[in-house]
């Protein structure tokens, strides 16, 4: 599609105010800064480097999971007994 056809096909209102007009250089710099901030592992996947959780954080997470499983188990048992009653 040529530029003239595109402009006819896509009506663009030139009077709409915009926050800022970025130059190509500014856009490229912003993209490069984002790319540098993203770490990539050997497989080419993005990865986030962070410290491993402390022992206290790990224990807290396990306790939360344990309580959640116990709660689901209790509710499942109650639902099962209710369905048997019906």
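In this note's numbering, the protein residues as written are 737 to 822. C-beta: ideal position from N, C-alpha, C; glycine also.
Three-way DSSP call (helix, strand, coil) for residue i in this model
| i | result |
| --- | --- |
| residue 787 | coil |
| residue 763 | helix |
| residue 810 | helix |
| residue 794 | helix |
| residue 801 | helix |
| residue 758 | coil |
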